[in-house]
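K.L.:
So for the sequence shown, numbering that gives the first Met the number 0 puts the first residue at 0; every next one is plus one.
Quick one: the structure is below, and I'll ask about it shortly.
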Amino acid sequence: MMQHALTVVSALAKGLVRFGLDRLGVVGAADEKDASSGLPVEACHPYGLRSRPRDPDVDAAGNPTKGAGLLLLDFGGGDEGGIPTQDPRVALPDEGKGGCQIYAWTGSGVSYVLISGDTGSITLKVGAGSILLDGATDVGGTGGAAIARAPELQSRAAAQDAFNAAVSSALTGLGAPAPPAVPPLASSVAATKGKVV
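Now the structure itself:
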């Protein structure tokens with residue numbers, strides 16, 4: 000048997016995620032005090048993927064209103080587990096039929112990895128920007144923000160180029176054979192981009 004509830008809190012206990020819950024469909028019942036809540040249940044998540052919903056919004060009386068759902072699994076003998084489900088407060092982009100995504104909600108913004116069911120492209124979004132990997136737009140193409148640390152790389156390469164030139168000049172001035180020429184780093188490296196969408 001399965002039931003649906005509202006996740007009212009998530010916590011780590013001895014390395015395991017546990018959910019506090021508010022059972023749906025019982026608010027206003029005569030036995031509301033006992034029926035509308037339950038003992039915390041252990042998370043049932045697929046191997047390699049664990050998630051924790053944010054606490055729900057509450058009304059003036061402190062009762063939970065909007066928040067992530069919780070699918071309750073009855074294992075028998077009073078033992079239950081929970082699988083967190085969608086949160087109506089989170090707005091996600093359309094992944095298209097056949098697509099999927101992994102997301103995290105900070106309470107004010109959503110970061111995600113989206114695999115499009117329409118094109119097979121992968122979009123990674125963090126904060127205000129994102130990077131599109133579509134198999135056609137080369138990372139290093141034009142039209143986006145610099146890939147992390149490209150400016151620092153270019154600055155370090157320029158300093159190394161100047162050092163190489165000074166060493167070569169000093170050795171030549173002493174009558175020593177010139178060292179092998181090391182070509183400078185192309186200036187285009189500083190413009191390495193990922194396509195921002």
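Glycine residues also receive a C-beta, built at the ideal position from the N, C-alpha and C atoms.
Note that the coordinates shown come from a computational prediction; the quantities given were computed from them, not determined experimentally.
#1: Would you check whether the ligand GTP has a heavy atom nearer than 8 Å to the C-beta of residue 58?
#2: Tell me the rounded alpha-carbon separation between residue 100 and residue 158.
#3: Taking 7 Å as the limit between beta carbons, can you name the residues of its chain near residue 70, skipping five residues before and five after?
#4: Considering only DSSP beta bridges, list what residue 50 is partnered with.
#5: Can you tell me whether DSSP reads residue 0 as helix, strand or coil?
#6: Which of the three DSSP states, helix, strand or coil, is assigned to residue 6?
#7: Using only alpha-carbon positions, find the residue among 15, 66, 43, 60 that is nearest to residue 74.
#8: If you run the structure through DSSP and keep just helix, strand and coil, what is residue 172?
#9: Which term fits residue 115, buried or exposed, when burial requires 16 or more other beta carbons within 10 angstroms of its beta carbon?
P.N.:
In short:
#1: For the ligand GTP, the structure offers nothing, since it holds no ligand at all.
#2: Here residue 100 refers to the residue found at position 101 when the sequence shown is read from its first residue. Here residue 158 refers to the residue found at position 159 when the sequence shown is read from its first residue. Their backbone Cα atoms lie some 42 Å apart in a straight line.
#3: Indexing the sequence shown from 1 puts residue 70 at position 71. Cβ within range, chain order: 1, 3, 81, 82, 84.
#4: Walking along the sequence shown from the start, residue 50 turns up at place 51. DSSP lists no partner for residue 50.
#5: Numbered from 1 along the sequence shown, position 1 holds the residue referred to as residue 0. DSSP places residue 0 in coil when its eight states are reduced to three.
#6: Indexing the sequence shown from 1 puts residue 6 at position 7. Residue state, collapsed to three classes: strand.
#7: Walking along the sequence shown from the start, residue 74 turns up at place 75. Checked all of 15, 66, 43, 60; the closest Cα to residue 74 is 43.
#8: Numbered from its first residue, the sequence shown carries residue 172 at position 173. In this structure, residue 172 counts as helix in the three-state DSSP scheme.
#9: Mapped onto the sequence shown, residue 115 falls at position 116. Buried, since its Cβ has 16 or more Cβ neighbours within 10 Å.
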